[in-house]
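Enquirer: Taking our numbering as reference, the numbering of the sequence shown is continuous, increasing by one, and the terminal residue is 259. Don't be surprised by glycine CBs; every beta carbon is placed ideally from N, CA and C.
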Amino acid sequence: MVDERTRYFRRLRRLRNSARRWSVMGGGLAAAAAVLTPYAGIGLADAAWAAAAGASVALAGWRWRDHKALAALPAPPPPDPALAGQRLVAAVERFPAGRTVVHELRRQRTRYALRGSAVAQAWDRLDRAAGTLSALAGRLTGPGEAAVLEAAVAERWLRDLGQRVASVERAIPLSPVDQRPVLASSHDSLAGQFTEGVTAYERLVAAAAGYVAEDGQPVVDERHPTLTRLIEATDRMRGIAEGLSELRRHPAV
7 MVDERTRYFR RLRRLRNSAR RWSVMGGGLA AAAAVLTPYA GIGLADAAWA
57 AAAGASVALA GWRWRDHKAL AALPAPPPPD PALAGQRLVA AVERFPAGRT
107 VVHELRRQRT RYALRGSAVA QAWDRLDRAA GTLSALAGRL TGPGEAAVLE
157 AAVAERWLRD LGQRVASVER AIPLSPVDQR PVLASSHDSL AGQFTEGVTA
207 YERLVAAAAG YVAEDGQPVV DERHPTLTRL IEATDRMRGI AEGLSELRRH
257 PAV
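#1: So, are the CB atoms of V211 and G168 less than 7 Å apart?
#2: When DSSP labels each residue in this structure, what does T240 get in the three-state scheme?
#3: In this structure, how does DSSP classify T232 when only helix, strand and coil are distinguished?
#4: Go through its chain and collect everything with a Cβ distance to A219's Cβ below 6 Å, but skip five positions before and after it.
#5: Can you grab the Cα-Cα spacing for the pair A128 / L155, in whole Å?
#6: Count the C-beta pairs between the region 157 to 164 and the region 197 to 206 that are closer than 8 Å, then say yes if the count reaches three, no if not.
#7: Taking the alpha helix (DSSP H) that A140 falls in, what are its first and last residues?
#8: Using the C-alpha atoms, what's the distance from D133 back to A152?
#9: Just the C-alpha distance for A75 and A54, rounded to the nearest angstrom, thanks.
#10: Below 7 Å CB to CB, which residues in the same chain sit around L65 once its five sequence neighbours on both sides are set aside?
#11: Buried or exposed: where does L250 fall if 16 or more other Cβ atoms within 10 Å of its Cβ makes it buried?
#12: So, A157 versus L139, is the Cβ gap smaller than 7 Å?
#13: So, with DSSP's three-state summary, where would you put H60?
#14: Can you give the Cα-Cα distance for S6 and G122, rounded to whole angstroms?
#15: Give me the Cβ distance between L196 and V171, rounded to the nearest whole Å; I'm assuming they're in contact under 8 Å.
#16: Of the choices G137, A215 and I178, whose alpha-carbon is the least far from that of R145?
#17: Please classify L120: does DSSP put it in a helix, a strand, or coil?
#18: Hey, quick one: how far does the alpha helix (DSSP H) through Q185 stretch, first residue to last?
#19: Which residue wins for smallest C-alpha separation from T147, given the options P83, D221, V188 and T232?
#20: Drop a sphere of 10 angstroms on the beta-carbon of V30, count the other beta-carbons inside from all chains shown, and report buried for 16 or more, exposed for fewer.
#21: Kindly provide the ranges of any alpha helix (DSSP H) runs that are 4 or more residues long and lie completely inside the region 148 to 220, ordered along the chain.
#22: According to DSSP, simplified to helix, strand and coil, what is A81?
#23: Among residues of its own chain, excluding the 5 on either side of G198, which ones have a beta-carbon nearer than 7 Å to its beta-carbon?
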């Protein structure tokens, strides 16, 4: 998406280039009309040359006037770099591959911010479980859809909690000595809550995987219709191949 400042200078450049072109064309046509006008008077062709020259000069004047009026206006301020970055990310995310790349970059950035934290390993477990659930989400129909919504809410809460734990952990060395035990106790409580939440999330993902596995199981002692048709097609092709081989070995007399 083009910002207002870029659009302003682009329009100013187009007006200047257009005014220059019409100025050159008007001057050339005026000179040609002056040279080609016969001494005996102006013919029809000479009138056309003169009319084209006059029109070109008039258009050049209008373009220069528009250019001067636009140049007198203050240029729009430069866009905020943050907004420009957001527009770029939004443009990239419109494509599936770009959306995957942006998601991975965000995940790596957050993981880098949590390096060395007490919740780093639990955060990695949350990433793996969330990726697994994302792969299963398309097959979780019926009651499974409610579980996907609950998991999405839980994941957002857990990620916010994990970042909060890391922030408190970084603040402990900066706090006064007499306040560190209180912060350390709060940090341990939050970290324990985060780890417990990740464990519960993993159990939900495991239950979702079990649902998907059982939903795809056929009735006991029965084959899936697709598997049955596949076996029958294989048997037919094998029979045809054996029949052709038999005919080749014993051709009809």
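Expert: Well, looking at it:
#1: no
#2: helix
#3: helix
#4: none
#5: 22 Å
#6: yes
#7: Here the sequence assigns Ser to residue 140, which means Ala is not the residue at that position. It spans A126 to L142 - the alpha helix (DSSP H) in which S140 sits, taken as one unbroken run.
#8: 21 Å
#9: 32 Å
#10: W28
#11: exposed
#12: yes
#13: Before going further, note that residue 60 is Gly rather than His in the sequence given. Residue state, collapsed to three classes: helix.
#14: Residue 6 falls outside the range modelled here, since the chain spans only 7 to 259, and no answer is possible.
#15: 5 Å
#16: A215
#17: coil
#18: No alpha helix (DSSP H) contains Q185, which DSSP labels as neither H nor E.
#19: D221
#20: exposed
#21: 149 to 177
#22: coil
#23: none
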